[in-house]
Structures are given as structure tokens and as C-alpha cells.
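Enquirer: Okay, here's the structure, questions in a sec.
Chains as they are written, first to last, in my numbering: chain V, 9 to 370; chain H, 13 to 525.
This is the structure in C-alpha cells:
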């Protein structure tokens, strides 16, 4: 038998919090996913995790996740097997069987989707993903950045429709066409990326991110239970930096090319009294400027937590008056190579800034 | 015009008479087991002592914990069916999936999924199936259930399908009491549906309570209309409250904070409301309670009500004090304070007895606590100050000194300073929550997704504004005073047609007949 371990009920609570922290303000709310995974566990399904180093070269690994809009996710709740049916449709098209699943995006709700599909398919989920955080578009997956073929892919909705994208020109076309199909499906669909070989996953994925999310979530839960400061624990576990602590005094949002863009202004409290921090948001928190000076940029993780409980706060829910801590967590090296920065660096998001690693700024 | 504010708490029932912005008279009486007896007593006392003729009263505003208690204690809840329109979507998480087991059982687990519901852009997910709904309604009828909550995917965009489903259910169950999720609230299916189900289960109690209040007012000779306060600090008419009792939840802390702001004239402060069993600590910003930033649970059920950010601790005038080792609360003698506390001749040592022994208050018979060891009394007083100071510290936004307004019947437990912050006890502090109820206004709200490709943003905002105002007027506001107090428009990522979620809240003064 494969060297896997089982996720239990309590792990789901921790994973949800950790995934939201890695969501850096986007990625959708994992709460509903947690409820679904919990329901499956109670029905006797097993969710097994395959350690990254237990991947074999000839494993067939399929990445699944939801594609759509977060607000649709909280209103049109899934039928439940969308990702699973997209995966089966792709298997039928490619005539190959998956041996393991993997998340495309560990940040937010897409950390849980593969667990649910894997429970239905009785397959393990690899402890890794394609972003190490949340990003708005599929071409930002390290799989494609490091050369995985962007086709064929499949989508499925709750009504019984499945769509195969048999051939796309590149990862940007994959995003564009999949997005169009998903919108027609009601802006919520299960999405399966092209099958990868185990060897390919080892070369392209961001490793150990499910266990990282679990570790972060456990740290928060333990700190809360022991009435310790959960934010300090998050910083310790993620080797992060406290960029700011303060109160949200202004939130501006607008839509540009389908993205929720905007700025959040925070006035300092405690040690940051007299300072202010401005976050540039585009679904996720992308740039942090403290008193005009850039202190963190994408792809490093900028995450906003409730100052007391460390509950992650998303870019859609942040409001005037929230008391927050802004944390900078270093991105995985695979997101920081020149090749990756072309796709996920500040310029890829339209900011005229060079990427400077968080570690070097402090 | 003269208003009467009433606050029904777990320990005390307070009544206050206000003429414009002036407090004319107030009383505080113990809450009774039958509750309405206490309300009538408070009304009779406040009218009798002030000599005010009941005919001069223009309106009565009531804040009550009846409905919160019913949910928290799983009492007086009617068996309730939940019908959700959304198939084939939403099967993964049926209604009440995240409810505590005991509460779900209290309502009977009558859960149904049916076809219907909308996509984000208004397309139907699947057509409504009248036959399917009829069957469901017959099943509900056969179980003898008549309280029904109906929810549909994206019904805040288009409530028609819920209305149509209600019509079909009523054909089968003519006396059905139906709550539609689109009447309660916001985007977020589970949370909106939860609120609708809770509301449907409270309908019978709502009817009973509204009748009882009406009777109590009549018995006191008052013929003025009455209103219940909701969690955002605004009012709803008795008719409206009977239909939407769930909206009264958590109105208590909001009332006391609004009352504290009004009585003190201070708009930025920490408010400490010491009751008989608990102390609620909240923060005032611009004279309104700061709202909680995370999803609020009511009796273990997630809702998307906007609730005040309140920290509650188990310390109040009725808190039971144990010696050796020293322990204060969270157990409380509650409304039996005037029988069980030492100073009232009882045998249970309470926080009030400590305050009397320390010379901080003069209630009951001080002789009865003279024998207490002064060192012990001092230690107990210190412990109470520390408990409150810790709670205040949690709510502080900055190290800058900010006033602490202390209100509520248990305020005698608090000294002149909390930590190093000065405390203010405004005039009439023991009845701040009844004052908060008396000064409350009326609101209306809209929360909807608009496709701004089809309708210009300004037009969409205008439509939402108009509808929010209209809802406020329908709820009982004077049209000439209604104004928009909150506008939030959040563009939604990844959706075509510039989908934007617009939320507008309008508030106005109470319309008087």
C-alpha cells in the first residue's frame, strides 16, 4: 500500500484556517468546503494525503479545483461531484487513470475541492499544489510556468454538462476558454487540469503546502485554546514578518477586466502608531506600502488577520473599523525565479515595481 | 411626543419615559417568571410614580431577549420545515447541515430540496416544479407541521420564485406560517436560510409575545402603537415583529450602547453594561456600536446578521461569589437577586453583597454583610475590577485614553477607574438600554447583485436607495425623515457584465399616527 496518511475531522478545522491564511485575501471561503469534506468523512469516506517524497515517476497526477466566482460559491452551493465528474471526463478522454490528485491552489476553498474529489475516487491527494497561495488565474500555476502541457482539460457543472478543452495554444488560452465556459455554467464549475507524471509534479509543484496549511491552522487553534497570541504563532510557523497592526480606515474597490481591484488603508496601532499602510488588492492582497514605502509585493504572501483571533480576512469582506494584523510570509523559491516572476511578479499584475524578496527588506 | 422604552432582561425589566430628548422618569423591576407580569408591573410603576396619563404616550419601544433565549435554550420553538429551491445544485450541503444536533432535533429535521433557484445573472438553474412542491407540502402537512421556511439560490436577486413556492405550499397547507429567505436577508445561502428557518420556528412564539405585550400595554391603559428593537438598533412595528421575530436577536447590547451614547453625549468610547448575570463590553464609534468582523452565531447557528462586536463575561450584580478559593460567577442568581442575596435576607453570597460590604453601594440591608472579612471583600472587589479591566482592554483600539461609559443595573460593581481609564456613569445609567430602545429609529435595507452592464451604476444605486427607503417607510418610518445611512457597493470578481453587490440601508424617525 502507498505511504499515505488520513485526514481526520479536527484536521479539517486547522486546514481551513491555514488555507485561508495562505489565500492572502482571495481564493474563496473554505468554510463550505470544510462542511462538505466533514460530511463525507462522517459517511465513511477517507481522505488520504500522499507525502510529496512518496510520489513515483510514473504516477498519473491530476489537479482539480473549482473555477468561478467566490460570491457564487456561497450562494449556489455545489451539487458535490462537479470536480469528480470533470476528472472522470478527462480520464475518459485521455484514456488514462489518475493515481493521485493534487490541488491547483492551496489558498482558500480550492485546498478542499481535491480532497472531496479524491474521497469519491478513493485516491490520495499529493501534499503540494501549483501556487503555494492563491492567485486569480490558472496560468499562474507553477505546473505551467515550468512547462507542463496546458491541455487537455475538462469542466463539469451541476446540471450534468461536461466540456473538454482538447487543445489550447498556451496556458493563457486555457484560462480564457475555461473562464468563459465556467461563466456559462453559472460561474461555478469543477475544473480538471491536464494529467501530469509524478516526475513532472516533483519538478514543478510547490511542495508540502497542505501540511503547511495544516500547521498554520493548528498553530492558530492551539494559541486560541491556550490564550496565547495566535498572530505570533503564525509568524513563527510561517517564518513571516509582522508588516503592520492597525485599524482599517478606508476601503476602495472597483472592477477592472473582471478583477476586483482596490486599496485598503490601515492606520497603525500599538507599535505602528502614527504610521499607515496601504494594501493594493486585486482579488488577493498584492502590494503593501507602509508610509509610502513598499514593504512587500506579490508573489510573497501578504495576509490580513483579525488582530485578536487571527481569523483570516478576505479582500471581499474587509471593512472600515476592522482591527487587523498584516503579515508578510515568504513565497516558496519556485515562485521567485525569473521565469516565475514573469507570470506572478508585480509587473504581471500591472505594477511598475521590481520584485524584492521579503527576507531582504527586513 | 412622549415615548416609553422598555427593556426586558434576564434579571430586570426596566421602563423609561422620555419626552423628546429628556428622561422624565424610570423604574427597574425584577423580571418575572411569566415575563409579562414584570412588564406590566414596570409600566404601572413608571406611570404611577411619574403621574403621567397613559393617553399622552405616543409610542412604546420594547427590547426583549425572549427570542434569543428561546433559541439558546431550545424552548418554545415550533416544528419547522425547510424547503430549498436549487436542485440540482446545492445538494452537497442540505439545509441545517451546520446546526447543532439538539437544535436541529428541536425543529424536527423536516428538510426538503426542490428544483428552482437562479444563477447569478438571473437565469433559472432549473424551472420550479409545482408537482414536486405540492408533494413536499403534502408530506409536511401529513407530519402536522405548519411552520415553513423557503429559500432559493440567489433569491435576493429575484424573490419571485420563493413567493411562487409559498403560494403552492399555502394551497396545500392554508394555515402555513411561511418565512421567505429573501425577506430576511443577504447574499450567502446557508446563512440567509438559517435565519429564515430560525424565524419560521419562532413564529408561534412571536405571535404569543406580541399579543402578550399588546395585552400588557392595554392593561396599563396605553393605546399607543408599540415597536420591538432589532439587532442594528432600529425598530420594527408590532405587526412586522410578529412576522420577523428573529430580527430582535442581540438587540440588547445595541440598545445599551446607543443609550449610553445618548445619555453621555459621547460618541467614541468603550461601553461597559453590567447586568444581573453578565457584563457586555462594546465599543462606540460615531455613536454607533462597532460591528463584529466575523460571522455571528446564534445558539450555535451561523447567520449573516450585522451584530455589535461585544465581549460578554459572566459577571453581574447577581453573580454568585465563592470563598476559598475566591470565584465570582459565571453562575448567577439572576432575577432571584432580591430574594437570594445576603443583603435581601437570602443565603447566597453575590457580587452585590460584596459591593455593599465595600461601601460602593447602598442597597438592601448593609447590616447583613458587616460580618464579612474586609480583606476578603477587598480581594473580591479587586477581582471584579480586574475582570472588567481585562474585558475593556480587549475592546480597545489604541493605547490612547478613551472614556469608559458604565451603564446597567450592576454598575455598582465598578469603581471610578477601569485600569487607568476614567469611567463615566451618565445620569439614568441603570436604564441605558431602555433609553436606547426609546430613542431608536426605523430602518430599511437592500442587498442585491446588479449587472452593471445592463443598468448604469448610478441607476442601480438609485433603485437600491429608493427601495431601501421604501422598506423603511413600510416598516414604519416617517417618509420625510428617511435618509440613507450606509451604501456599500462591492464589485464581484470573475463575473461578466460588471456584477456588483449593492447594499443600502436607510433610516428614519418613527412615524406617528
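Every residue, glycine too, gets a C-beta built ideally from N, C-alpha and C.
1. Express the C-alpha separation of residue 397 (chain H) and residue 424 (chain H) in angstroms, rounding to a whole number.
2. Can the beta-carbon of residue 192 (chain H) be found closer than 8 Å to that of residue 171 (chain H)?
3. Under 9 Å between beta-carbons, which chain V residues line up against residue 414 (chain H)? List them in chain order, please.
4. Among H:373, H:121, H:99, which has the Cα closest to the Cα of residue 90 (chain H)?
5. By the criterion of Cβ-Cβ separation under 7 Å, what are the contact partners of residue 165 (chain H) in chain V?
6. Going by C-alpha distance, which of H:514, H:303, H:162 is nearest residue 330 (chain V)?
7. Does any residue of chain V bring its CB to less than 8 Å from the CB of residue 110 (chain H)?
8. So, are the CB atoms of residue 132 (chain V) and residue 46 (chain V) less than 8 Å apart?
9. Which value, in whole angstroms, describes the spacing of the CA atoms of residue 245 (chain H) and residue 244 (chain V)?
10. Quick check on the DSSP output: what are the complete beta strand (DSSP E) runs of length 3 or more inside the region 356-398 of chain H, in order along the chain?
11. Is residue 195 (chain V) close to chain H? Criterion is C-beta to C-beta, closer than 8 Å.
12. Measure the Cβ-Cβ separation of residue 421 (chain H) and residue 442 (chain H) and say whether it is below 8 Å.
13. Could you tell me the alpha carbon to alpha carbon distance between residue 231 (chain V) and residue 251 (chain H), rounded to whole angstroms?
14. For residue 278 (chain V), which residues from the same chain have a beta carbon less than 7 Å from its beta carbon, with the 5 sequence-adjacent residues on both sides left out?
15. Taking CB distances under 8 Å as the criterion, tell me whether residue 85 (chain H) reaches chain V.
16. Give me the Cα-Cα distance between residue 212 (chain H) and residue 161 (chain V), rounded to the nearest whole angstrom.
17. Output the distance between the C-alpha atoms of residue 132 (chain H) and residue 138 (chain H), rounded to the nearest integer angstrom.
18. Just to confirm, are residue 248 (chain V) and residue 115 (chain V) a CB contact at a threshold of 8 Å?
19. Output, in chain order, the set of chain V residues within a Cβ distance shorter than 8 Å of residue 256 (chain H).
20. Nearest to residue 20 (chain H) by CA position, among H:35, H:43, H:67, is which residue?
21. Beta strand (DSSP E) containing residue 30 (chain H): first to last residue?
22. List, in order along the chain, the chain H residues whose C-beta lies closer than 7 Å to that of residue 88 (chain V)?
23. Can you tell me whether residue 204 (chain V) is helix, strand or coil according to DSSP?
24. Is there a Cβ from chain A that is less than 8 Å from the Cβ of residue 31 (chain V)?
25. Am I right that residue 258 (chain H) and residue 207 (chain H) are in contact with their C-beta atoms under 8 Å? What's the rounded C-beta distance?
26. Spatial neighbours of residue 20 (chain V) within its chain, please: CB distance less than 7 Å, with the 5 preceding and 5 following residues excluded, ordered by chain position.
27. The region 128-155 of chain H: which residues have C-beta closer than 9 Å to a C-beta of chain V, in chain order?
28. Check for me: the alpha helix (DSSP H) holding residue 248 (chain H) runs from which residue to which?
29. My assumption, with CB atoms under 8 Å, is that residue 270 (chain V) sits in contact with residue 289 (chain V). Please give the rounded CB distance.
30. Suppose you measure from the CA of residue 151 (chain V) to the CA of residue 212 (chain V); what does that come to, to the nearest Å?
31. State yes or no: is the beta carbon of residue 406 (chain H) nearer than 8 Å to at least one beta carbon in chain V?
32. Hey, would you say residue 105 (chain V) sits closer than 8 Å to residue 72 (chain V), going by beta carbons?
33. Report the neighbours of residue 44 (chain V) on chain H: residues whose CB is nearer than 8 Å to its CB, in chain order.
34. Give the interface partners of residue 507 (chain H) over in chain V, defined as CB-CB distance under 8 Å, in chain order.
35. Can you check DSSP and say which residues form a bridge with residue 303 (chain H)?
36. Answer with yes or no whether the minimum CB distance from residue 316 (chain V) to chain H is below 8 Å.
Expert: Once the coordinates are examined:
1. Within the second chain, the letter at position 412 stands for residue 424 (chain H). Within the second chain, the letter at position 385 stands for residue 397 (chain H). For the pair residue 424 (chain H) and residue 397 (chain H), the Cα-to-Cα distance works out to about 11 Å.
2. Here residue 192 (chain H) is taken as the residue at index 180 of the second chain, counted from 1. Here residue 171 (chain H) is taken as the residue at index 159 of the second chain, counted from 1. Yes. Within cutoff.
3. Stepping through the second chain from its first residue, residue 414 (chain H) is reached at position 402. None at all; the shortest Cβ gap to chain V is about 12 Å.
4. Along the second chain, one-based indexing puts residue 90 (chain H) at 78. Considering only alpha carbons, the answer is H:121.
5. For the purposes of this step, residue 165 (chain H) is identified with residue 153 of the second chain, where counting begins at 1. 83, 84, listed in chain order.
6. Position 322 of the first chain holds residue 330 (chain V). It is H:303 whose Cα lies nearest to the Cα of residue 330 (chain V).
7. Counting from one through the second chain, the residue named residue 110 (chain H) turns up at place 98. So, interface residue.
8. To locate residue 132 (chain V), count along the first chain from 1; it is residue 124. To locate residue 46 (chain V), count along the first chain from 1; it is residue 38. Contact: no.
9. For the purposes of this step, residue 245 (chain H) is taken as residue 233 along the second chain, with counting starting at 1. For the purposes of this step, residue 244 (chain V) is taken as residue 236 along the first chain, with counting starting at 1. Rounded to whole angstroms, residue 245 (chain H) to residue 244 (chain V) spans 41 Å at the Cα level.
10. None, since the region 356-398 of chain H contains no complete beta strand (DSSP E) of that length.
11. As a working mapping, residue 195 (chain V) is identified with position 187 in the first chain. So, interface residue.
12. Mapped onto the second chain, residue 421 (chain H) falls at position 409. Mapped onto the second chain, residue 442 (chain H) falls at position 430. Contact flag set, yes.
13. Counting from one through the first chain, the residue named residue 231 (chain V) turns up at place 223. Counting from one through the second chain, the residue named residue 251 (chain H) turns up at place 239. Roughly 47 Å separates the two Cα atoms.
14. The sequence position of residue 278 (chain V) within the first chain is 270, counting from 1. The residues are 253.
15. The count along the second chain starts at 1 and reaches residue 85 (chain H) at position 73. At a cut-off of 8 Å between C-beta atoms, residue 85 (chain H) does not count as an interface residue with respect to chain V.
16. In the second chain, residue 212 (chain H) corresponds to position 200, counting from 1. In the first chain, residue 161 (chain V) corresponds to position 153, counting from 1. About 45 Å.
17. Locating residue 132 (chain H) in the second chain gives position 120, counting from the first residue. Locating residue 138 (chain H) in the second chain gives position 126, counting from the first residue. Using only the alpha carbons, I get a separation of about 13 Å.
18. What you label residue 248 (chain V) is simply residue 240 of the first chain in a count that begins at 1. What you label residue 115 (chain V) is simply residue 107 of the first chain in a count that begins at 1. Going by C-beta atoms, residue 248 (chain V) is not nearer than 8 Å to residue 115 (chain V).
19. The residue given as residue 256 (chain H) occupies position 244 in the second chain. Neighbours of residue 256 (chain H) on chain V: none; closest Cβ ~22 Å, over 8 Å.
20. Taking the second chain and counting its residues from 1, the one referred to as residue 20 (chain H) is at position 8. Minimum Cα-Cα distance from residue 20 (chain H) among the listed residues H:35, H:43, H:67 corresponds to H:43.
21. Counted from its first residue, the second chain places residue 30 (chain H) at position 18. Segment 24-31, the beta strand (DSSP E) holding residue 30 (chain H).
22. Your numbering for residue 88 (chain V) matches position 80 in the first chain. In chain order: 103, 104.
23. Walking along the first chain from the start, residue 204 (chain V) turns up at place 196. In the structure shown, residue 204 (chain V) falls within a strand segment according to DSSP collapsed to helix, strand and coil.
24. You won't find chain A in this structure, because its protein chains are V and H.
25. Stepping through the second chain from its first residue, residue 258 (chain H) is reached at position 246. Stepping through the second chain from its first residue, residue 207 (chain H) is reached at position 195. The Cβ separation is near 6 Å, so the contact holds.
26. As a working mapping, residue 20 (chain V) is identified with position 12 in the first chain. Excluding positions up to five away in sequence, the list reads 42, 45, 46.
27. Listed by position, the residues of the region 128-155 of chain H near chain V (Cβ gap below 9 Å) are 129, 130, 131, 132, 133, 135, 137, 138.
28. Residue numbering aside, residue 248 (chain H) sits at position 236 when the second chain is read from its first letter. For residue 248 (chain H), there is no enclosing alpha helix (DSSP H); the enclosing beta strand (DSSP E) has its first and last residue at 246-249.
29. What you label residue 270 (chain V) is simply residue 262 of the first chain in a count that begins at 1. What you label residue 289 (chain V) is simply residue 281 of the first chain in a count that begins at 1. The Cβ separation is near 5 Å, so the contact holds.
30. Counted from its first residue, the first chain places residue 151 (chain V) at position 143. Counted from its first residue, the first chain places residue 212 (chain V) at position 204. The straight-line gap from Cα to Cα measures roughly 5 Å.
31. As a first step, residue 406 (chain H) is located in the second chain; it is residue number 394 there, counting from the start. Cβ-Cβ to chain V under 8 Å: yes for residue 406 (chain H).
32. Numbered from its first residue, the first chain carries residue 105 (chain V) at position 97. Numbered from its first residue, the first chain carries residue 72 (chain V) at position 64. Cβ distance not < 8 Å, so residue 105 (chain V) and residue 72 (chain V) don't count as in contact.
33. Here residue 44 (chain V) refers to the residue found at position 36 of the first chain. Those within 8 Å of residue 44 (chain V) in chain H are 104, 105.
34. Stepping through the second chain from its first residue, residue 507 (chain H) is reached at position 495. Near residue 507 (chain H) (Cβ distances below 8 Å), the residues of chain V are 77, 79, 80, 191, 195, 266.
35. If you number the second chain from 1, residue 303 (chain H) lands on position 291. BP columns for residue 303 (chain H) point to H:320.
36. Against the first chain, residue 316 (chain V) aligns to sequence position 308. By this cut-off, residue 316 (chain V) is an interface position.
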